[in-house]
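Position 606 (the sequence shown) corresponds to 601 in my numbering; numbering is contiguous.
For every residue, glycine included, the Cβ atom is placed at its ideal position computed from N, Cα and C.
Since this is a predicted model, take the numbers as computed values, not measurements.
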Amino acid sequence: MTVGKTRSHESAAGHVSGKAIYTDDQRLPAGMLSLYPVLSPHAKARITKIDPAGAYEIDGVVTVITAADVPGVNDTGTIVYDEILLPDTEISYYGQAVVWVAGETDEVARLGAEKVVVEYEPLEPILTIKDAIAADSFHLKPRVIKRGDPATALQQVNCYLEGEMAMNGQDHFYLETHASWVIPDGEGNYQVYASTQHPTETQIVVSRVLGITKNQVVVTCIRMGGGFGGKESQANPFAGVAAIAACKTGRPVRVKLKRHHDMILTGKRHGFLGQYKVGFTNDGKIVALDVDLYADGGWSLDLSPPVLLRAMLHVDNAYYIPHLEVRGQIAKTNKVSNTAFRGFGGPQGMVVIEDIMDRVARYLGLPPEVVRKRNFYHGEGETNTTHYDQEIFDNRIAKVWQQVKDSSNFTARRDAIAQYNQASTYKKRGLAITPVKFGISFNKTQYNQAGALVLIYTDGSIQLNHGGTEMGQGLHTKMLQVAAQTLGVKIERLRIMPTSTEKVPNTSATAASSGADLNGQAVKDACETLKSRLAVVAAGLLKLDTPEEMVFADDWIYCRTYPSARIHFEEVTKQAYGDRISLAATGYYRTPNIYWDDATGKGRPFYYYAYGAAVSEVEVDGFTGNFKLRQVDIVHDVGESLNPLVDRGQIEGGFVQGMGWLTMEELVWDEKGRIRTYAPSTYKIPTIGEIPESFNLHLLERAAQDGVIYGSKAVGEPPLMLALSVREAIRAAVAAFGDTDYVPLASPATPEAILWAVEYVRDRATEAVEAVGEPQPVSG
């Protein structure tokens, strides 16, 4: 068996030795030019003058790229054409690239950019979601998903609360910044090398801005040094501007962003505002929920509609709510166009419901874990059906919850923490457990398809091509395992090829946690086709007449009922060529039985769900607001793992990235709309120092999933939401500083935010004591 075994990442040695080649590590073609941007100093303004003449004073500057140089359509929008590539009349966000200077070297291009004169008439920007609400500044119309009658139910409940939950965005902070090379062939065709999660969409955008057909553009992604959604659509403008420069000059052109340019120019995880009304019973059962979700889309639409939709589809997380209405809108602000980020809106929706669950529990004086469990989806029919009418046939919520509760010794630790907090005045500890239910499939049904191309050579070596991209997540490793398993050969026979639109056309993005699901099935399909051809050849060589009984294993082909009759894989491939049998096959897969009705907000958008649960323990310093993550325990459902080592890495990495978003990664814009956190010096991501010494991870056992590649489940995005347990543990620790039924905690829960929450709890405790008054002496 190759599938299911722990195996190192196929490029691990290259990663640690520095030999792995990324887009901008390739040998430079002769005459390659470098591009450098001229950035707007305003968040909103009219452009009154662009004068590039000064750039040409710098020796080595070849040209300046402006809107006038676009031979096709000056727009890189993905869903609608609302994303001007090179502005010539209006600035929409701080740092927008107005022109790009092409020079013989990076330094020449930078010096030339300094000489370009652009004059502006500043305008008043819209910078926050609440500003957008006040100005009625939105992309598209509101969306609504509704079950039951929340308005009536909220009037009839025993208990009622309302509030709001705001959360910040997050920078992708991949190790490799955006890079694109465009090489013209002199005959009107272009080879593009790009750090992109979506080569087909990059191909579409390049062909659009150049005004040529898609078959004139080949996009290749060698590998990426991280993506996390930030290279799903955001790679397109950089490939587009490089293509325009290559078209204008007839020379190869590269864009390689500096770190600060990457952080200024690219979209982030959407910041969200959730405003809610919740009704519940005295024992903590949620009866009705009315929610408005506002996503900060930034200046253009990008992928905001499906991000918002996934947030709306995950505002329930793991909880059955009989009456639920969620409305969603995309705020149009003068910021970068926000985009896909691991979880794709799901985390934002789930933060809102988990905040509500904790608030309900504290209002009733119940343990939060009790209220959460009481509201789980359960049983059959209505109580196991989401607000968008999808029944959860594979419900494993209670199973992962109980397993992690038991394995973490939750109850005993909770009691020990309570004793610690009674004895400790200035430091408090908190413990929390939270669940995850995350839908797997692209929101848009048509993207749930994939292709593959497998080539066998007469020496028995194999080339493997598929439509997914490798960004360090181990997709290529899993695809090698799938191909080796299906063909029954040793994995060393296989070479994984860079993803390219000339090998597999019309691909979907490597996103939505569906890379292994979709491409794995396509690879398996291609390999099964080749096996069926080779089985006939093998049977003939063995003088057997039952090719359907041929078994492929360990580089041998033999008869199931007569195993001593066997032949080596290489002999069969040579004979197949001699028999004029094709040794190349394409594979294809489309996810079955999924659909979505956008008009009604109902359907079966997900093929299945991934589940997990996490217990986190923290210690909070009441003087500084700093917290320490003491221990993490996770049980996560990956089905029958294709590669436990890769999956464990994804779960651990996703958890840490989620913790960063919720606790420390703070994006800051000033009152003029200028981003101030555009470098590692001002934007804090988790380090090894934030990882607890005790980090216990268990994969759910005996969990094979029907209908997916070798029983496995998606693992890329769901683990990020496990980090909600850290936020809730911090809240529990803060609550221990006083006695209150409400613990407001900003997101991210930075030391400042934690300190303000501690002060709030202490103040409420003081107010309660003062309200009771001093004890009076008893007279005799």
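Residue j beta carbon less than 8 Å from that of residue i
i	j	result
residue 655	residue 750	no
residue 282	residue 609	no
residue 303	residue 290	yes
residue 197	residue 189	yes
residue 323	residue 307	yes
residue 271	residue 315	no
residue 91	residue 34	yes
residue 495	residue 111	no
residue 88	residue 38	yes
residue 347	residue 286	yes
residue 680	residue 223	no
residue 425	residue 731	yes
residue 339	residue 305	yes
residue 178	residue 247	yes
Where residue i falls: helix, strand or coil (DSSP)
i	result
residue 415	helix
residue 460	strand
residue 690	strand
residue 609	strand
residue 168	coil
residue 750	helix
residue 300	helix
residue 654	helix
residue 772	Caution applies to residue 772, whose pLDDT of 37 falls short of 50 and renders its modelled position unreliable; the value that the coordinates give is listed next. Residue 772 falls in the coil class under three-state DSSP.
residue 450	strand
residue 363	helix
residue 659	coil
residue 405	helix
residue 714	helix
residue 614	strand
residue 631	strand
residue 434	strand
residue 669	coil
residue 159	strand
residue 192	coil
Residue i to residue j span [Cα, whole Å]
i	j	result
residue 127	residue 321	19 Å
residue 154	residue 276	6 Å
residue 718	residue 523	40 Å
residue -2	residue 473	8 Å
residue 436	residue 508	7 Å
residue 59	residue 21	25 Å
residue 628	residue 396	11 Å
residue 329	residue 520	46 Å
residue 776	residue 525	There is no way to answer for residue 776, as the model of the chain reaches only from -4 to 775.
residue 256	residue 226	15 Å
residue 170	residue 17	11 Å
residue 385	residue 527	38 Å
residue 301	residue 438	6 Å
residue 98	residue 570	55 Å
residue 280	residue 192	42 Å
residue 583	residue 503	12 Å
residue 659	residue 673	15 Å
residue 606	residue 459	31 Å
residue 776	residue 389	This structure cannot speak to residue 776, because the chain is shown only from -4 to 775.
residue 770	residue 761	Residue confidence is low: residue 770 scores 38 on pLDDT, short of 50, so the model does not pin down where it sits. No coordinate-derived value is stated.
residue 644	residue 85	44 Å
residue 536	residue 562	8 Å
Jot down the residue ranges of each uninterrupted alpha helix (DSSP H) in the segment 540 to 584, minimum 4 residues, whole runs only, in chain order.
Qualifying alpha helix (DSSP H) stretches, in chain order: 564 to 573.
In chain order, each beta strand (DSSP E) run of at least 3 residues that lies wholly inside the segment 308 to 354
Entirely contained in the segment 308 to 354, the beta strand (DSSP E) runs reaching 3 residues are, in chain order, 318 to 327.
The segment 676 to 696 in contact with the segment 619 to 635 per 3-pair CB rule at 8 Å:
The segment 619 to 635 and the segment 676 to 696 touch, with three or more beta-carbon pairs separated by less than 8 Å.
May I have a chain-ordered list of the alpha helix (DSSP H) segments no shorter than 4 residues that lie completely inside the segment 70 to 153?
Taken in chain order, the complete alpha helix (DSSP H) segments of 4 or more residues contained in the segment 70 to 153 are 101 to 110, 124 to 130 and 145 to 151.
Is it a yes or a no for the segment 230 to 241 touching the segment 467 to 479, going by three-plus beta-carbon pairs under 8 Å?
Counting Cβ pairs under 8 Å, fewer than three are found: no touch.
Counting beta carbon pairs with one atom in the segment 76 to 93 and one in the segment 265 to 279, are three or more of them shorter than 8 Å?
Too few Cβ pairs lie closer than 8 Å, so no.
Threshold first: 4 residues or longer. Then list the alpha helix (DSSP H) segments lying entirely within the segment 209 to 291, N to C.
Those alpha helix (DSSP H) runs which fall completely within the segment 209 to 291 and span 4+ residues are 230 to 244 and 254 to 260.
Contact the segment 346 to 354 vs the segment 363 to 380: 3+ CB pairs below 8 Å
Touching, yes.
The segment 732 to 746 / the segment 611 to 626 touching (three or more Cβ pairs under 8 Å):
Touching, yes, given that three or more Cβ pairs across the two stretches are closer than 8 Å.
Mind the definition here: the segment 64 to 71 touches the segment 128 to 145 only if three or more C-beta pairs lie below 8 Å; say whether that holds.
They do not touch, by the three-pair rule.
Every unbroken alpha helix (DSSP H) inside the segment 5 to 40 [4 residues or more]:
DSSP runs (the alpha helix (DSSP H)) wholly in the segment 5 to 40: 7 to 12.
Contact between the segment 642 to 655 and the segment 413 to 428 is defined here as three or more beta-carbon pairs at a separation below 8 Å; is this criterion met?
The segment 642 to 655 makes no contact with the segment 413 to 428, as fewer than three CB pairs between them are under 8 Å.
Would the segment 696 to 706 and the segment 484 to 501 be scored as touching if the rule is three or more Cβ pairs under 8 Å?
Per the Cβ contact rule, the segment 696 to 706 is not in contact with the segment 484 to 501 (fewer than 3 Cβ pairs under 8 Å).
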